[in-house]
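S.K.: Before I ask anything, let me first share the structure, which is written out below as structure tokens.
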Amino acid sequence: TETEALGQFSLTGMVTFLHIISGFGLLLCGVVMLFWMLAQRGARYYFSYLYLDFQGITDDFRTLRQFRLPEAHAGGMAAIVQGLGVLSLLGVAAVGGLWFILNMMYGPDSVLVHDVLHLHKFLTVFIETYFWAHGAMGILHLLLTIRLQQLNKE
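In terms of the numbering used here, the sequence shown opens at residue 13 and continues consecutively.
Laid out in structure tokens, this is it:
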């Protein structure tokens with residue numbers, strides 16, 4: 013996304029505009045998802061560490077040491093990763109939205125606008141890491157499930 017491309021009718025300008033629109037959409041969907049998650053299971057399910065409850069994650073690490081995948085449960089690895097993923101998504105989208113508003117108010121040459129844009133880019137690293145790690149864990153889960161099914165046939 014290029015700051016200077018906001019007012020241009022070009023491929024870069026259209027991609028930038030699409031990036032901004034999808035970011036605001038993502039912010040809305042992320043807020044809805046967070047409220048839905050909290051309404052379904054409560055904050056302690058996804059953010060048990062805030063209550064100094066580490067039993068679920070400790071149990072999951074014990075299970076992993078036995079080369080088995082842990083089941084999803086309150087305070088477990090899957091729940092914590094989902095909670096952190098949604099918070100990361102909201103953080104990136106909120107800072108991106110803040111950048112857009114500040115850019116419209118103060119222009120791209122403002123130091124504040126520049127700093128907020130770089131914070132947005134920095135936070136994006138966490139979403140990219142979440143995306144690739146989540147995909148890798150999904151593939152690992154699939155491979156382990158196939159292996160377990162093959163072992164059960166024998």
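Every residue, glycine too, gets a C-beta built ideally from N, C-alpha and C.
#1: Nearest to A55 by CA position, among L38, I92, L81, D121, is which residue?
#2: Tell me whether D127 is buried or exposed, calling it buried when 16 or more other Cβ atoms sit within 10 Å of its Cβ.
#3: How many angstroms separate the CA atom of D65 from the CA atom of L76?
#4: For D71 and G147, I'd like the C-alpha separation in whole angstroms.
#5: For H37, which of L102, F134, K165 has the nearest alpha-carbon?
#6: Can you tell me whether V125 is buried or exposed? The criterion is at least 16 other CB atoms within 10 Å of its CB, across all chains shown.
#7: Nearest to T28 by CA position, among F112, L50, R53, is which residue?
#8: Can you tell which of L129, T136, L62 has the C-alpha that lies nearest to the C-alpha of V104?
#9: Just reading off the alpha helix (DSSP H) that Q64 is part of, what are its end residues?
#10: Starting from A105 and walking both ways along the alpha helix (DSSP H), at which residues does that stretch end?
M.R.: On the basis of the coordinates in this document:
#1: Taking A55 as reference, the option from L38, I92, L81, D121 with the minimal CA-CA separation is I92.
#2: By the neighbour-count rule (16 or more Cβ atoms within 10 Å), D127 is not buried but exposed.
#3: D65 and L76: Cα-Cα distance of roughly 19 Å.
#4: Cα to Cα, the separation comes out at about 23 Å.
#5: It is worth fixing the name first, because residue 37 is Gly in this sequence and not His. Considering only L102, F134, K165, the residue with the shortest C-alpha distance to G37 is L102.
#6: Here V125 is buried, its C-beta having at least 16 other C-beta atoms within 10 Å.
#7: If you compare the alpha carbons of F112, L50, R53 with that of T28, the shortest gap goes to F112.
#8: Ranking the options by Cα distance to V104, first place goes to T136.
#9: Contrary to the premise, residue 64 reads as Leu rather than Gln in this sequence. Neither: L64 is in no alpha helix (DSSP H) and is coded neither H nor E.
#10: Where A105 is concerned, the enclosing alpha helix (DSSP H) stretches over 89–118.
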